[in-house]
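Participant: Residue numbers (this note's numbering): 2 to 435.
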Amino acid sequence: MTESSHAVRSLNERARAERLLLDGAVDGREVSLAAGNSASVGDVVITRRNERTLRTSRGGWVKNGDRWRVVGMRRDGSMLVDRLDPRRRGKTVLPPDYISEYVDLGYAVTAHRAQGITVDTSHVVVTPSTTRENLYVSMSRGRESNLAYVALDQPDDSHSTPEPDDVTARTVLFGVLQHSGASMSAHQTMEAEYAIHGGIDRLAAELETIASDAQHERFVELLRRSGLTPEQHEAVVQSSAFGPLTASLRRAEAYHHDLNTLMPGVVSQHGLDDADDIAAVLRYRLDRVSASLPRGCRLRPRLIAGLLPEPLGAMRDEDRQAIKERKQLIEARAAALVEAALTDGAEWVRRLGEPPAAPADMAAWRPDAATVAAYRDRYKAFSALPVGGGASTDAQRASRRRALQAARRAVDSAAQAPPVRPGVAADVQAVFAL
2 MTESSHAVRS LNERARAERL LLDGAVDGRE VSLAAGNSAS VGDVVITRRN
52 ERTLRTSRGG WVKNGDRWRV VGMRRDGSML VDRLDPRRRG KTVLPPDYIS
102 EYVDLGYAVT AHRAQGITVD TSHVVVTPST TRENLYVSMS RGRESNLAYV
152 ALDQPDDSHS TPEPDDVTAR TVLFGVLQHS GASMSAHQTM EAEYAIHGGI
202 DRLAAELETI ASDAQHERFV ELLRRSGLTP EQHEAVVQSS AFGPLTASLR
252 RAEAYHHDLN TLMPGVVSQH GLDDADDIAA VLRYRLDRVS ASLPRGCRLR
302 PRLIAGLLPE PLGAMRDEDR QAIKERKQLI EARAAALVEA ALTDGAEWVR
352 RLGEPPAAPA DMAAWRPDAA TVAAYRDRYK AFSALPVGGG ASTDAQRASR
402 RRALQAARRA VDSAAQAPPV RPGVAADVQA VFAL
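1) If distances are taken between C-alpha atoms only, which option among D288, W349, G389 and D214 comes closest to V412?
2) Rounded to whole angstroms, what's the CA-CA distance from D345 to P360? Just pull it up for me.
3) What does S146 pair with, by DSSP beta-bridge criteria?
4) By Cβ distance below 8 Å, which residues in the same chain neighbour S181 in space, the five residues on each side in sequence not counted?
5) For R49, tell me which candidate among G60, A35, V42 and V72 has the shortest Cα-Cα distance.
6) Thinking C-beta only, is A292 closer than 7 Å to E332?
7) Can you tell me whether P231 is buried or exposed? The criterion is at least 16 other CB atoms within 10 Å of its CB, across all chains shown.
8) Name, in chain order, the residues that DSSP records as bridge partners for R68.
9) In three-state DSSP terms, what is S33?
10) Give me the DSSP bridge partner(s) of R56.
11) Reducing DSSP to helix, strand and coil, say where R1 ends up.
12) Please list the terminal residues of the continuous beta strand (DSSP E) segment that includes M80.
13) Should D275 be labelled buried (16 or more other beta-carbon atoms within 10 Å of its own) or exposed?
14) Using DSSP with H/G/I as helix, E/B as strand and the rest coil, what is W244?
15) Once DSSP output is grouped into helix, strand and coil, what is the label at P129?
16) From S5 to P97, what does the alpha carbon distance come to, in whole angstroms?
17) Between L304 and S249, how many whole angstroms is the CB-CB distance? I'm expecting something under 8 Å.
18) Applying the criterion that 16 or more other CB atoms from any shown protein chain within 10 Å of the CB defines a buried residue, is E254 buried or exposed?
19) Who are the near neighbours of D202 in its chain, counting only those whose CB is closer than 6 Å to its CB and skipping five residues on each side?
20) Rounded to whole angstroms, what is the Cα-Cα separation between L260 and V9?
21) Thinking V42 and G73 are a contact (beta carbons under 8 Å), I'd like their distance in whole angstroms, please.
22) Specify, as a first and last residue, the run of the beta strand (DSSP E) that V412 falls within.
23) Buried or exposed: D121, going by 16 or more other Cβ atoms within 10 Å of its Cβ?
24) Pull up the distance between the alpha-carbon of L21 and that of A115, whole angstroms please.
25) Count the other CB atoms, across all protein chains shown, that sit within 10 Å of the CB of F383; report buried if there are 16 or more and exposed otherwise.
26) For a quick check, are the C-beta atoms of R88 and I118 less than 7 Å apart?
27) Going straight from the alpha carbon of Q417 to that of V339, what length do you get?
28) Write down the C-beta distance between A408 and V388 rounded to the nearest angstrom, noting that I regard them as a contact closer than 8 Å.
29) Report, in whole angstroms, the separation of the C-beta atoms of L204 and L330, which I expect to be a contact under 8 Å.
30) So, is Y99 buried or exposed, given that buried needs 16 or more other C-beta atoms within 10 angstroms?
31) Within 10 Å of its beta-carbon, does D158 have 16 or more other beta-carbons around it, so buried, or fewer, so exposed?
32) By Cβ distance below 7 Å, which residues in the same chain neighbour A236 in space, the five residues on each side in sequence not counted?
33) Quick one, which of A315, R327 and A375 has its alpha-carbon nearest A342's?
34) Helix, strand or coil: which one does DSSP assign to G346?
35) Tell me which residue opens and which closes the alpha helix (DSSP H) that L23 is part of.
Here is the structure:
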């Protein structure tokens, strides 16, 4: 993603050229696209206009912003394409007149066009003219990671040219964060800031970032004492999977596992000499043995809002305080979301059963409802079902399992504490059975 259409076209052309060099061309046929580029089998393209008459094989239709891979070319100039979004797969045929007007290469897009798009990894070109709104949109498109590349050779024409030594990634980013491209009223500003900073998705990301930094050295030392060779230890710490591994360590600790005992056993399960990524292998092994409480342990996992593993262990006082503050904000927001859902009569909370009338029963029902609310807010699940549909990542799948367990407990609590609205509990059990 980048700011200018000219840069997008150049990046698209370069990406296609790289693909052709690596993969080769399936055949010699190609079609011209709206921006003047060409596409052939194997290319990624993006559609720029909603077209309900173009139906997909899965019952959907072509939408503005959808990204597709070209899987076939027709003699009449039409293309057979397969949608890349794993949540909305489906193939369709794009006709020549639609292609020439509303289809572009989809390797690179402007930040404006990126709204609504979700990808595995986003790579963002940041220049001094980037607005903070576009930076936020661009840096929140990737499921797995979002990387910013800061251009230092493109001064903002509206300012005097700084000396070369004065231009750093930090100064450019500072300027971008001061550069707003929107004009909002005070009320709109309050709502926007609350939506950005008050959501559980944002608070959870902040908490995990703080925890990762606070526990980094501790986990590095833990792995050093777990039976890895110096070379293996260095490879683990330098791996891109080290972050997910530390997240799994936090989760195991929240489930009352003794990491000092657990990790040596995980390391020694099988040899690691033939592993392509030792950190990824260790994470897989760790998740298998620590997904539940240790045998004989009757304690409840230490989870924030019943969902997020609470960072534990030794850390600096300021880090512990920052984590505590976000824990309180997450749990307060989850509770507030339950109250709002009850007031509004939201379908998802109705499916958890009639809230118990007795204070003691309500005290048991409410935390489980809050866990469901926290999951919905973190992963933006807007379905009428308590935890929505499926999950796209391992982390979301783990959270979804916890939310489903909480939903079932809430239904049981409501059913065991009459009065219960007739039919509600049965409906919920039927939904979960699906």
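Glycine included, C-beta positions come from ideal geometry on N, C-alpha and C.
Facilitator: This is what the structure holds:
1) W349
2) 21 Å
3) T122
4) Excluding residues within five positions, the ones whose Cβ falls inside 8 Å are T132, R133 and E134.
5) Of the candidates G60, A35, V42 and V72, the one whose C-alpha sits nearest the C-alpha of R49 is A35.
6) no
7) Exposed.
8) I47
9) strand
10) W62
11) What the structure shows of the chain is the stretch from 2 to 435, and residue 1 is not part of that stretch, so it cannot be assessed.
12) Per DSSP, M80 belongs to the beta strand (DSSP E) from M80 to R84.
13) exposed
14) Contrary to the premise, residue 244 reads as Gly rather than Trp in this sequence. Helix at G244.
15) coil
16) 27 Å
17) Not confirmed; about 15 Å, so no contact.
18) buried
19) R379
20) 47 Å
21) 6 Å
22) Here V412 belongs to no beta strand (DSSP E); instead the alpha helix (DSSP H) covers D395 to A416.
23) Exposed: under 16 other Cβ atoms inside 10 Å.
24) When rounded, the distance between both Cα atoms is 25 Å.
25) exposed
26) no
27) 20 Å
28) The pair is a contact, with the Cβ atoms about 6 Å apart (cut-off 8 Å).
29) 5 Å
30) buried
31) Low per-residue confidence applies at D158: pLDDT is 46, beneath 50, and the placement is therefore not dependable, though the value from the model is reported in the following sentence. Classification of D158: exposed, given that the 10 Å Cβ count is below 16.
32) I279
33) Checked all of A315, R327 and A375; the closest Cα to A342 is A375.
34) coil
35) S6 to D24
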